[in-house]
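Q: Residues 101 to 565 in the numbering used here are what the sequence shown lists, from first letter to last.
Using N, Cα and C, we set each Cβ at its ideal position, and we do this for glycine too.
This is the structure I want to talk about, given as structure tokens.
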Amino acid sequence: MTVDAPQTLRTVVVVLAGGVGVRAGLGMPKQLARIAGKPIIEHTIAAIDSSPDVDEIIVMMEPHHMEPVRKLIADGSYPKLTNVYEGGTTRNDTTQLALEKLGDEELKVLFHDAVRPFVSHQILRDCIDALDEYGAVDTAIPSADTIIEVREENVIVDVPPRSKLRRGQTPQGFRLSTIRRAYEKASADPGFTATDDCTVVLRYAPNVPIAVVPGSDENMKITEAIDVFIADKLFQLKTADPAGYSAEAREEALEAKTLVVFGGSDGIGRGISEAAERYGAVVFPFSRSTTGTHIQERDDVVAALKLAFEATGRIDYVVNAAGVLEMGNLEDFSHEAVRNTIDINLMGPIIIAQESLPYLKESKGQLLFFTSSSYTRGRANYGMYSATKAATVNLTQSLAEEWADYGIRVNCINPERTKTTMRLQAFGEEPEGTLLSAEQVALASIDTLISGTTGQIVDVRRRTS
Numbered sequence: 101m102t103v104d105a106p107q108t109l110r111t112v113v114v115v116l117a118g119g120v121g122v123r124a125g126l127g128m129p130k131q132l133a134r135i136a137g138k139p140i141i142e143h144t145i146a147a148i149d150s151s152p153d154v155d156e157i158i159v160m161m162e163p164h165h166m167e168p169v170r171k172l173i174a175d176g177s178y179p180k181l182t183n184v185y186e187g188g189t190t191r192n193d194t195t196q197l198a199l200e201k202l203g204d205e206e207l208k209v210l211f212h213d214a215v216r217p218f219v220s221h222q223i224l225r226d227c228i229d230a231l232d233e234y235g236a237v238d239t240a241i242p243s244a245d246t247i248i249e250v251r252e253e254n255v256i257v258d259v260p261p262r263s264k265l266r267r268g269q270t271p272q273g274f275r276l277s278t279i280r281r282a283y284e285k286a287s288a289d290p291g292f293t294a295t296d297d298c299t300v301v302l303r304y305a306p307n308v309p310i311a312v313v314p315g316s317d318e319n320m321k322i323t324e325a326i327d328v329f330i331a332d333k334l335f336q337l338k339t340a341d342p343a344g345y346s347a348e349a350r351e352e353a354l355e356a357k358t359l360v361v362f363g364g365s366d367g368i369g370r371g372i373s374e375a376a377e378r379y380g381a382v383v384f385p386f387s388r389s390t391t392g393t394h395i396q397e398r399d400d401v402v403a404a405l406k407l408a409f410e411a412t413g414r415i416d417y418v419v420n421a422a423g424v425l426e427m428g429n430l431e432d433f434s435h436e437a438v439r440n441t442i443d444i445n446l447m448g449p450i451i452i453a454q455e456s457l458p459y460l461k462e463s464k465g466q467l468l469f470f471t472s473s474s475y476t477r478g479r480a481n482y483g484m485y486s487a488t489k490a491a492t493v494n495l496t497q498s499l500a501e502e503w504a505d506y507g508i509r510v511n512c513i514n515p516e517r518t519k520t521t522m523r524l525q526a527f528g529e530e531p532e533g534t535l536l537s538a539e540q541v542a543l544a545s546i547d548t549l550i551s552g553t554t555g556q557i558v559d560v561r562r563r564t565s
């Protein structure tokens with residue numbers, strides 16, 4: 101049975117966040133774990149709030165952790181987020197509590213897991229549109245694995261045809277009257293149990309066909325510890341999209357913005373400075389060779405930032421592309437070489453961060469660092485360099501969390517081997533086509549600056565055909 105074509109109905113999305121999530125081993129409800137600088141639930145709310153097809157969002161939250169969502173409501177960052185209520189002890193309890201909050205007016209209601217932050221506008225739209233014809237809709241994807249049915253003693257009973265099987269996701273959507281009627285009947289059944297809401301409709305409103313719309317592999321549920329790692333990488337991939345932003349998008353985002361670049365006279369820093377100027381930013385490049393600016397000297401950094409601010413009245417972005425690469429066995433490093441590497445590659449970023457903070461607080465801007473692929477694993481003759489670059493990654497991630505409440509974003513670019521003067525001096529000429537150009541890294545850096553992400557280590561790789 102399908103439903104009659106309706107008048108235009110409001111769409112409310114209920115974000116289900118009532119669980120504690122012990123399997124992820126995070127020591128907190130998994131929906132509050134931070135990825136890319138924000139709690140997972142905030143990423144989910146942001147994805148839904150930006151959909152033009154959604155009218156309102158309410159959250160059903162684990163009762164002892166409601167304050168973070170209350171703060172999001174108070175901040176007004178997500179206009180469609182209106183209320184947070186206590187969730188129940190089970191998924192079904194939480195749904196029933198949500199149904200009590202939705203009033204008497206017929207509407208479309210979507211239930212979505214708080215720990216599926218990659219839900220797309222297309223999935224939301226498909227669910228909402230399906231409710232014009234059906235009383236219930238599920239989101240699902242084909243199974244790439246063979247599914248087996250087993251008895252309690254782990255003996256195979258059946259192997260259903262994979263072509264008829266789907267892996268269920270969320271959102272699950274309903275006409276409010278349909279899901280309410282199903283739960284009323286379920287509540288009268290003493291043996292009632294279900295792991296999702298479509299099952300309730302299937303069992304207790306069997307005359308209501310349940311449509312299925314395609315989900316996506318990206319619309320993953322963060323359940324286990326490894327899912328947190330995968331989700332973090334997905335945010336990185338979304339940030340470092342090889343296609344990048346269009347020239348028009350870059351111009352719109354950078355017009356009249358002030359960008360300070362340390363290490364801006366050569367290589368990647370120069371590439372960023374030139375690209376940002378092309379797209380309309382006011383750029384202040386500083387370096388040892390052109391302006392006598394040494395990032396390990398606090399007075400130099402203070403003077404550079406002050407000059408830029410006094411000229412434009414704002415600083416929106418601060419980039420540190422300065423660094424030194426000294427190779428060799430640790431036993432051969434002089435005290436001066438050790439001190440120089442630490443001062444420039446580690447103390448420099450720390451000083452820049454400290455002195456940039458007041459300006460970035462005012463503009464709610466971004467601080468961008470650079471690391472090296474060697475940060476993940478120290479290699480012979482790279483020990484000092486790798487150690488400072490690993491420290492820069494940790495600094496990026498910690499500052500992203502510390503400064504999130506200020507609205508400041510902090511990211512770090514991790515470029516593949518790049519053709520720069522510093523690399524040429526260290527390794528000499530290398531085969532053509534084996535290195536990234538400084539321009540490629542510069543554009544990826546620009547795109548990271550104008551993205552909304554924070555706390556990310558953005559891998560920049562050569563494109564392969």
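1) Could you compute how far the alpha carbon of residue 105 sits from the alpha carbon of residue 230?
2) Between residue 296 and residue 191, how many whole angstroms is the CB-CB distance? I'm expecting something under 8 Å.
3) Within a Cβ cutoff of 8 Å, which residues of the same chain sit near residue 258, ignoring the five residues on either side of it in sequence?
4) Leaving out five residues before and five after residue 436 in sequence, what residues of the same chain have Cβ atoms less than 8 Å from its Cβ?
5) Per DSSP, residue 111 is paired with what?
6) Alpha carbon to alpha carbon, how far is residue 478 from residue 487? Give it in angstroms, no decimals.
7) Which residue or residues does DSSP assign as beta-bridge partners of residue 137?
8) Going by the CB atoms, is the gap between residue 404 and residue 368 shorter than 9 Å?
9) Start and end of the beta strand (DSSP E) containing residue 509?
10) Starting from the N-terminal side, write out each stretch of the alpha helix (DSSP H) that is 4 residues or longer and does not extend beyond the stretch 405-454.
11) My output table needs one value for residue 131: the three-state DSSP class, helix, strand or coil.
12) Could you please give the first and the last residue of the uninterrupted alpha helix (DSSP H) stretch that includes residue 197?
13) For residue 558, name the three-state secondary structure that DSSP assigns.
14) Taking the straight line between their C-alpha atoms, what separation do you get for residue 245 and residue 266?
15) Can you tell me which of 160, 462, 175, 220 puts its alpha carbon nearest to the alpha carbon of residue 197?
16) Between residue 146 and residue 554, is the Cβ-Cβ spacing less than 9 Å?
17) Using only the alpha-carbon positions, how far apart do residue 585 and residue 382 sit?
18) Between 440, 392, 359, 264, which has its C-alpha nearest residue 411's C-alpha?
19) Taking buried to mean at least 16 other C-beta atoms within 10 Å of its own C-beta, is residue 164 buried or exposed?
20) For residue 454, tell me which candidate among 508, 483, 474 has the shortest Cα-Cα distance.
21) Using C-beta distances below 7 Å, list every residue in its chain close to residue 235, excluding the 5 sequence neighbours before and after it, in chain order.
22) Would you grab the beta carbon distance between residue 171 and residue 149 for me? Rounded to a whole angstrom, and I think it's under 8 Å.
23) Quick check: what's the CA-CA separation for residue 374 versus residue 328?
24) Using DSSP bridges, identify the partner residues of residue 161.
25) Grab me the residues of residue 139's own chain with a C-beta within less than 8 Å of its C-beta, minus the 5 sequence neighbours each way, in chain order.
26) For the stretch 197-207 against the stretch 215-232, do three or more pairs of beta-carbon atoms, one drawn from each stretch, fall closer than 8 Å, so that the two count as touching?
27) Nearest to residue 263 by CA position, among 282, 504, 241, is which residue?
28) Reducing DSSP to helix, strand and coil, say where residue 181 ends up.
29) Under 9 Å between the Cβ atoms of residue 379 and residue 408?
30) Which residues in the same chain have their Cβ closer than 6 Å to the Cβ of residue 166, if we skip the five residues on either side of it in sequence?
31) So the alpha helix (DSSP H) residue 276 belongs to, where does it begin and stop?
32) Give me the Cα-Cα distance between residue 186 and residue 119, rounded to the nearest whole angstrom.
33) Between the alpha carbons of residue 252 and residue 449, how many angstroms are there, rounded?
34) CB residue 311 to CB residue 206, shorter than 9 Å?
35) Relative to the alpha-carbon of residue 416, which residue among 182, 480, 366, 465 has its alpha-carbon at the smallest distance?
36) For residue 156, which residues of its own chain have a beta-carbon under 6 Å away from its beta-carbon, when the five flanking residues on both sides are left out?
A: Let me spell this out:
1) Here the model assigns residue 105 a pLDDT of 48, short of 50, so the residue's position is not dependable, and the following value carries that caveat. Cα-Cα distance, rounded: 11 Å.
2) Rounded, the Cβ-Cβ distance is 7 Å, consistent with contact.
3) 248, 249
4) Contacts found: none.
5) 208
6) 7 Å
7) The partner list for residue 137 (beta bridge, DSSP) is empty, contrary to what the question assumes.
8) Against a cut-off of 9 Å, the Cβ pair of residue 404 and residue 368 comes out as no contact.
9) 509-515
10) Correct list: 435-442.
11) helix
12) Its alpha helix (DSSP H) spans residues 191-200.
13) strand
14) 10 Å
15) 160
16) no
17) Nothing can be reported for residue 585: it is not among the residues displayed for the chain, which extend from 101 to 565.
18) 359
19) exposed
20) That would be 508, whose Cα lies nearest to the Cα of residue 454.
21) 103, 274, 275, 278, 308
22) The Cβ separation is near 15 Å, so there is no contact.
23) 37 Å
24) 117, 186
25) 131, 132, 133, 168
26) no
27) 241
28) Looking at residue 181 - three-state DSSP - the assignment turns out to be strand.
29) no
30) Excluding positions up to five away in sequence, the list reads 184.
31) 276-287
32) Taking the straight line joining both Cα atoms gives about 11 Å.
33) Put simply, the backbone Cα of residue 252 is about 58 Å away from that of residue 449.
34) no
35) 465
36) 112, 180, 182
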